[in-house]
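Here the structure is laid out as structure tokens; the discussion comes afterwards.
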């Protein structure tokens, strides 16, 4: 049963949310500064959690009606559609996206850990049981490796078509990894594990046949963006799964809506990365360009990616606090 003390402790939050909503209703969302916008979102989520508690108490119908109206008014602005412009897209990628990824960095870490664990396991099994590699890669791929041939040479004969196909495939892989989160995260975990396992098996087999440098130089340029994109897609899927499994004080439907919104934003950031990666995989990676050039491109792209995701939006936030 909801106590008067509980109501008194939360009344200030409800009043503050009402003030912010009234301001937006009177003067528009642009009348709020960044700190107030963040406060509006936080108070809305707290209000939604309080509404969930009020609904569970049959003796608090008046409070439930009040919170339902308040949260409903706030919802219209927290999740209101915004006109998309070049400037808004730029602001999202330059400032909003890096901040979102840093806030959800725990999911990125978890996805990366699963991928690396699968890679370590794949390497150990391939060394101990060589027949496992044949089972994973197939006889044809194993014959190619044993003949010291790079199967990637075929891309050179159809660069434009290959670029389009590679982009489509990579984007598809990331979106499937993300969508696997709807199975309570299990689909995402399976795909991350499978990708890590396959890559490790291929690398280990190539190393055993003295082709590791060739393969790594092929992967370097596009892999600097493609592999992190898979980790981000995995993080988006795990965020979606967490919304299903751990709704907290929110109703499961509300928790899923919040998780889905964040996960979709997270996965959207991989699209430009995968476009660049697909272009490099078709036009640079399989060529006979110097290995030093490929590794240099890898270093530049990965460094730029790290700087963008770790520093993007920090100065803007500090300037407006």
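Numbering (my numbering), first residue to last: 436 to 756.
All residues carry an ideal CB built from backbone N, CA and C; glycine is no exception.
*Should the segment 625-641 be regarded as contacting the segment 545-553, the criterion being three or more beta carbon pairs within less than 8 angstroms?*
yes
*For residue 475 and residue 468, the rounded distance between their alpha carbons*: 10 angstroms
*Say whether the segment 611-619 touches the segment 670-684, bearing in mind that this needs 3 or more beta-carbon pairs closer than 8 angstroms, one atom from each stretch.*
yes
*residue 485 burial status per 10 Å Cβ neighbour count (16 or more: buried)*: buried
_Rounded C-alpha distance that separates residue 662 from residue 461_ = 47 angstroms
*For residue 407, which three-state DSSP category applies?*
Given that the chain is displayed from residue 436 to residue 756, the structure contains no residue 407 and the question cannot be resolved.
*Answer yes if the segment 531-547 comes into contact with the segment 690-704, meaning at least three C-beta pairs across the two stretches below 8 angstroms, and no otherwise.*
yes
*asked:* Taking the alpha-carbon of residue 658 as reference, which of 570, 730 and 480 has the nearest alpha-carbon?
replied: 730
*Which stretch, first to last residue, makes up the alpha helix (DSSP H) that contains residue 584?*
For residue 584, there is no enclosing alpha helix (DSSP H), as DSSP gives it neither H nor E.
*In angstroms, rounded to a whole number, what distance separates the CA positions of residue 471 and residue 451?*
Roughly 10 angstroms between the two C-alpha positions.
*With a floor of 3 residues, list each beta strand (DSSP E) that falls wholly inside the segment 661-694, ordered by position along the chain.*
none
_Nearest-angstrom Cβ-Cβ length linking residue 717 and residue 640, presumed shorter than 8 angstroms_ = Not confirmed; about 24 angstroms, so no contact.
*What is the residue span of the alpha helix (DSSP H) that residue 510 lies within?*
496-513
*asked:* On the DSSP letters alone, give me the boundaries of the alpha helix (DSSP H) that residue 473 sits inside.
replied: 469-491
*What whole-angstrom Cβ distance do residue 448 and residue 500 have, given they're in contact under 8 angstroms?*
Wrong, their Cβ atoms sit about 18 angstroms apart, outside the cutoff.
*Out of 523, 497, 478 and 536, point me to the one whose CA is closest to residue 508's CA.*
When each option's Cα is compared against that of residue 508, the closest is 478.
*residue 646 by DSSP, collapsed to three states: which one?*
coil
*Compute every distance between the C-beta of residue 530 and the non-hydrogen atoms of the ligand COA, then say whether any falls below 7 angstroms.*
The model depicted lacks the ligand COA and carries no ligand whatsoever.
*Could you give the DSSP three-state label for residue 565: helix, strand or coil?*
helix
*Pairwise C-alpha distance: residue 607 and residue 691*: Residue 691 and residue 607 have their C-alpha atoms some 23 angstroms from each other.
_Could you compute how far the alpha carbon of residue 506 sits from the alpha carbon of residue 741?_
Annotation: residue 506 to residue 741 spans about 38 angstroms, alpha carbon to alpha carbon.
*asked:* Check whether the segment 570-587 and the segment 638-654 are in contact - that is, three or more C-beta pairs closer than 8 angstroms.
replied: Because the criterion of three Cβ pairs below 8 angstroms is met, the segment 570-587 and the segment 638-654 touch.
_Close-in-space but distant-in-sequence residues of the same chain around residue 707 (CB under 7 angstroms, 5 per side omitted)_ = none
*Distance, Cα to Cα, residue 679 vs residue 620?*
9 angstroms
*Could you give the residue range of the alpha helix (DSSP H) that holds residue 739?*
726-746
*asked:* Within 10 Å of its beta-carbon, does residue 744 have 16 or more other beta-carbons around it, so buried, or fewer, so exposed?
replied: buried
*What separation, rounded to the nearest whole angstrom, lies between the Cα atoms of residue 726 and residue 736?*
15 angstroms
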